[in-house]
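Peer 1: Below is one structure. I have some questions about it.
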Amino acid sequence: MREISIPLLFYCVLFGQTDRWTESLNYHAYFSGIHVAEAELKISEQQIGGKNSVIHILYQAKTISVTDYIFPINDKINIDVDSKTWTPISVKKVVREGKYKHDSFTQFLPEENIFIYKKDTISYAHPVHDPYSLIYLFRKKTLSPGNKFQLNTIDGRKITQLQFDVSSIETIRVPAGEFDALKVTPKRTDGKPFKNAGQLTIWYSTEIDKLPVKISIKLKFGSLNLELANVD
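The number in our numbering is simply the position in the sequence shown, starting from 1, with 52 added.
Next comes the structure, spelled out in structure tokens:
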């Protein structure tokens, strides 16, 4: 069952009829059940010269109210991906989580099978995917309970093969309304546990738009749960 505002319903109808990737998803972010931050996922498609179009993804999160003084979060991640392969062209990260700071820029050269991370040139086997671009890639796939997808993901210098399992339908209540949703959960194919930040678990609405209504992001200090508030 889905309770949803008229503007969001109107958007969903439009989304189902077009393949235009321009939207902003706004989330309330919770840590241990407390509303601590606001987050945004924004996507737009641009034509670069006579080449294939490039999809730009922006993820940003910032703490609110007194939380900004106790444990400030101010993250901004910009990702450019190829619109045909959904593989990254570049990733720029500016991460501020408490005392933890991370700044990096990664440039991918798939025709040479290398990527440049900070000042290091690293060889890799194409294709790989950035975790945040996967949020949109799964929206283009058929999601059914029991489906499994194997993909190589990249975080900094490290490439990891993951299997994403689609679970049975469950009801999710978020600020945007009530949704029937499918949970997509990652696990390492080598059986090892996750050690680093960046692990994403995503709940997608079962309707044609496949809205990512809830996202659990593993950070350095724990998990930040994003719950969809509205769509622009």
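Glycine included, each C-beta is placed from N, C-alpha and C at the ideal position.
Tell me which same chain residues have a C-beta within less than 8 Å of the C-beta of Glu92, skipping the five on either side of it?
Peer 2: One-based indexing of the sequence shown puts residue 92 at position 40. If we look at Glu92 and ignore the five residues flanking it on each side, its Cβ neighbours are Ser76, Leu77, Asn78, Tyr79, Leu110, Tyr111, Gln112 and Ala113.
Peer 1: Answer with buried or exposed for Asp155, where buried requires no fewer than 16 other C-beta atoms within 10 angstroms of its C-beta.
Peer 2: Locating residue 155 in the sequence shown gives position 103, where the first residue counts as 1. Per the 10 Å Cβ criterion, exposed.
Peer 1: Run through DSSP, which three-state label would Ser57 get?
Peer 2: As a first step, residue 57 must be located in the sequence shown, where it is residue number 5. Bear in mind that the predicted position of Ser57 carries a pLDDT of just 44, short of 50, making it unreliable; the figure below should be weighed with that in mind. Coil.
Peer 1: Check whether the Cβ atoms of Thr237 and Thr253 sit closer than 7 Å, and answer yes or no.
Peer 2: Here residue 237 corresponds to residue number 185 of the sequence shown, with the count starting at 1. Here residue 253 corresponds to residue number 201 of the sequence shown, with the count starting at 1. Yes, these two residues count as a Cβ contact at 7 Å.
Peer 1: Check whether the stretch 216-223 and the stretch 259-279 touch, using three or more Cβ-Cβ pairs below 8 Å as the test.
Peer 2: no
Peer 1: My understanding is that Leu271 touches Glu149, with C-beta atoms under 8 Å, so please give their C-beta distance in whole angstroms.
Peer 2: Here residue 271 refers to the residue found at position 219 of the sequence shown. Here residue 149 refers to the residue found at position 97 of the sequence shown. Going by Cβ atoms, the distance from Leu271 to Glu149 rounds to 6 Å, so yes, they are a contact pair.
Peer 1: Please list, in chain order, all residues of the same chain as His87 whose beta carbon is under 6 Å from its beta carbon, the five residues on each side excluded.
Peer 2: Counting from 1 along the sequence shown, the entry for residue 87 is found at position 35. Contacts found: His80.
Peer 1: How close, in whole Å, do the beta carbons of Phe216 and Lys192 come, if the pair is a contact with beta carbons under 8 Å?
Peer 2: Residue numbering aside, residue 216 sits at position 164 when the sequence shown is read from its first letter. Residue numbering aside, residue 192 sits at position 140 when the sequence shown is read from its first letter. 14 Å between Cβ atoms; not a contact.
Peer 1: Trp138: which of Thr258, Ser84 and Phe190 sits nearest, CA to CA?
Peer 2: The sequence position of residue 138 within the sequence shown is 86, counting from 1. Nearest of Thr258, Ser84 and Phe190 to Trp138, Cα basis: Phe190.
Peer 1: Let me check understanding here. Comparing Cα to Cα, which of Gln202, Gly243 and Lys128 lies closest to Leu186?
Peer 2: Translated into the one-based positions of the sequence shown, residue 186 becomes position 134. Of Gln202, Gly243 and Lys128, the residue nearest in Cα terms is Gln202.
Peer 1: What distance in whole Å lies between the Cβ atoms of Asp232 and Ser257, which are believed to be in contact at a cut-off of 8 Å?
Peer 2: Locating residue 257 in the sequence shown gives position 205, counting from the first residue. Locating residue 232 in the sequence shown gives position 180, counting from the first residue. The pair is a contact, with the Cβ atoms about 7 Å apart (cut-off 8 Å).
Peer 1: Which two residues bound the contiguous alpha helix (DSSP H) that contains Ser185?
Peer 2: Taking the first residue of the sequence shown as 1, we reach residue 185 at position 133. Element bounds for Ser185: Pro183 to Leu189.
Peer 1: From the DSSP output, which residues share a beta bridge with Lys145?
Peer 2: Within the sequence shown, the letter at position 93 stands for residue 145. DSSP links Lys145 through a beta bridge to Ile129 and Ser156.
Peer 1: Expressed to the nearest angstrom, what Euclidean distance is found between the alpha-carbon atoms of Tyr176 and Ser117?
Peer 2: For this step, residue 176 is matched to residue 124 along the sequence shown. For this step, residue 117 is matched to residue 65 along the sequence shown. Answer to the nearest angstrom: the Cα atoms are 43 Å apart.
Peer 1: Tell me whether Glu259 sits in a helix, a strand or coil according to DSSP, three-state version.
Peer 2: To locate residue 259, count along the sequence shown from 1; it is residue 207. In the structure shown, Glu259 sits in coil (DSSP, three-state: anything other than H, G, I, E or B).
Peer 1: Can you grab the Cα-Cα spacing for the pair Val133 / Ile122, in whole Å?
Peer 2: Position 81 of the sequence shown, counting from 1, holds the residue named residue 133. Position 70 of the sequence shown, counting from 1, holds the residue named residue 122. Spanning the two alpha carbons is a distance of roughly 35 Å.
Peer 1: Once DSSP output is grouped into helix, strand and coil, what is the label at Asp43?
Peer 2: The structure shown does not extend to residue 43, since the chain spans only 53 to 284, so no value can be given for it.
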